[in-house]
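In the working numbering, the protein residues as written are 1235 to 1652.
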């Protein structure tokens, strides 16, 4: 009896099934990050290429991402995975009738371009982008119950998802934009979305079948995932630390992008490079190979110091060196924040909650930089403020072998909002 029970609890290799989950997160991430520059490209002739227009697009995408994560968490926790799959299958199939369309001619409110951009984006692509935004966390949650090799810690799929995002982000200006017109891009994107929908349905089918055939494993996994000695309880203070780290990283991305576009170089599609570094920091943070935290902390601290020098004396460094400093600080700071998030990730049972709170932080950072800061400040004051907040995360003397010193940094971040 014991032998049978133990054999039932061994995850299956099934590389084809695992590959299906990987393909699903790659497809959704690629489609999301092809759609973002495509929509920005469609809005460019109407609103111009100002950083404010792109930052407004970023806020729109972040808010939909937040909505997607909120739906994923609520639907899984309220309905349970089997019924949630049925609901999600209906939503995915229904979204096929609401794919992005060409921008129709309409009057533009030049006095408030941000609001006009938001209205157009909602009408053009809100539903399919929402569906895509749910896929990473849902696929990871489905994978966690599929009794496959690696399903006990499915967060590696998050690195795979960000890899897909990075590939699409780089491919758009280098391959897609130079060779395809807007209508052709919309056409091929729609074909890709249909393929994604079919992959998602297949993923749900595989997860549901394997979940039903592996009940003993799920019972063991559930007991393990709720063991607080292995996975500490998800407290309010811990959630607020997730929000703070994500908000600082998001604000760092937007403020440095604005600083580069305003004071260093204003080139079309240059925002791709900062965003690519931001995504790369996610990939590195959630992978098994990551620089030591102390090294990242020292690099971030040096970057903050040089950036503050540039704020006080803008002409003290050549433009090319200033650009390197800004981009390096963005990558190091984002890697520091995202690395702390990866170190503090919960069990798979709380996976959707983890991504929801990360998305809340990203939305807070985006709204603060794109909508609130321009109304309050006459200059890019959010940039030095973000650098000072990032300095709170820097703890160069923390040793990797001392988890309590890391936890104290998270508690320090959470204390103002807990």
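We put the beta carbon where it would ideally sit given N, CA and C, even for glycine.
Here the structure is a predicted model, which means the values were calculated and not measured.
Helix, strand or coil for residue 1479, going by three-state DSSP, please let me know. Note: residue 1479 maps to helix in three-state DSSP.
Could you tell me whether the region 1533 to 1544 touches the region 1501 to 1519, where touching means 3 or more Cβ pairs closer than 8 angstroms? No, the region 1533 to 1544 does not touch the region 1501 to 1519.
Taking the C-alpha atoms as reference points, what is the distance between residue 1269 and residue 1426? Straight-line Cα distance between these residues: approximately 11 angstroms.
Is the beta carbon of residue 1372 less than 8 angstroms from the beta carbon of residue 1306? The answer is yes: Cβ separation under 8 angstroms.
Could you compute how far the alpha carbon of residue 1485 sits from the alpha carbon of residue 1531? Residue 1485 and residue 1531: Cα-Cα distance of roughly 18 angstroms.
Drop a sphere of 10 angstroms on the beta-carbon of residue 1387, count the other beta-carbons inside from all chains shown, and report buried for 16 or more, exposed for fewer. Exposed: under 16 other Cβ atoms inside 10 Å.
By Cβ distance, which residues of its chain are closer than 7 angstroms to residue 1572, with the 5 residues on each side in sequence left out? So the qualifying residues of the chain are 1483, 1515, 1516 and 1519.
At the level of alpha carbons, what is the spacing between residue 1255 and residue 1585? A direct Cα-Cα distance of roughly 16 angstroms separates residue 1255 from residue 1585.
Cutoff 6 angstroms; reference residue 1393; Cβ partners in own chain excluding five residues on either side: Same-chain partners within the cutoff: 1517, 1520 and 1521.
Beta-carbon contacts of residue 1271 that lie in its chain and below 6 angstroms, excluding the five residues immediately before and after: Exclusion of the five residues before and after residue 1271 leaves 1406 as the residues of its chain whose Cβ lies within less than 6 angstroms of its Cβ.
Would you mind working out which of 1578, 1495, 1554 and 1253 sits nearest residue 1614, comparing C-alpha positions? Residue 1614 has its Cα closest to that of 1495, out of 1578, 1495, 1554 and 1253.
Run through DSSP, which three-state label would residue 1555 get? Correct three-state label for residue 1555: helix.
Where residue 1593 falls, given that 16 or more other Cβ within 10 Å makes a residue buried: Buried, by the Cβ-count rule.
Residue 1321 to residue 1438, Cα distance in whole Å? The straight-line gap from Cα to Cα measures roughly 11 angstroms.
Checking 8 angstroms against the spacing of the C-beta atoms, do residue 1365 and residue 1410 come in under that value? No, Cβ-Cβ distance for residue 1365 and residue 1410 is not below 8 angstroms.
Cβ atoms of residue 1315 and residue 1376: under 8 angstroms apart, would you say? For residue 1376 and residue 1315, yes; Cβs fall inside 8 angstroms.
Can you tell me which of 1302, 1441 and 1281 puts its alpha carbon nearest to the alpha carbon of residue 1250? From the listed residues 1302, 1441 and 1281, the smallest Cα separation to residue 1250 is found for 1441.
Using the Cα positions of residue 1679 and residue 1293, report the straight-line distance between them to the nearest angstrom. Not covered by the structure: residue 1679. The range shown for the chain is 1235 to 1652.
Quick check on residue 1583: buried or exposed, where buried means 16 or more other Cβ atoms within 10 Å of its Cβ? Burial call: buried.
For residue 1505, three-class secondary structure by DSSP: DSSP places residue 1505 in the coil class of the three-state scheme, outside both helix and strand.
Exposed or buried, residue 1617, counting other C-beta atoms within 10 Å across all chains shown (16 or more means buried)? Under a 10 Å Cβ-count criterion, residue 1617 is classified as buried, with 16 or more other Cβ atoms of the shown protein chains found around its own Cβ.
State buried or exposed for residue 1598, treating a residue as buried only when at least 16 other CB atoms are found within 10 Å of its CB. Counting every other CB atom within 10 Å of its CB across the protein chains shown gives residue 1598 a total of 16 or more, marking it as buried.
CA nearest to the CA of residue 1628, picked from 1404, 1356 and 1526: Of 1404, 1356 and 1526, the residue nearest in Cα terms is 1526.
Distance between residue 1265 and residue 1358 (C-alpha atoms, nearest Å): Spanning the alpha carbons of residue 1358 and residue 1265 requires a straight line of approximately 15 angstroms.
Residue 1308 CB to nearest heavy atom of the ligand HEM below 7 angstroms: Of ligands this structure carries none, so the ligand HEM is not represented either.
What is the rounded straight-line gap between the Cα of residue 1562 and the Cα of residue 1429? Taking the straight line from one Cα to the other gives about 37 angstroms.
On the DSSP letters alone, give me the boundaries of the alpha helix (DSSP H) that residue 1335 sits inside. Secondary structure note for residue 1335: it is in no alpha helix (DSSP H), with a DSSP letter that is neither H nor E.
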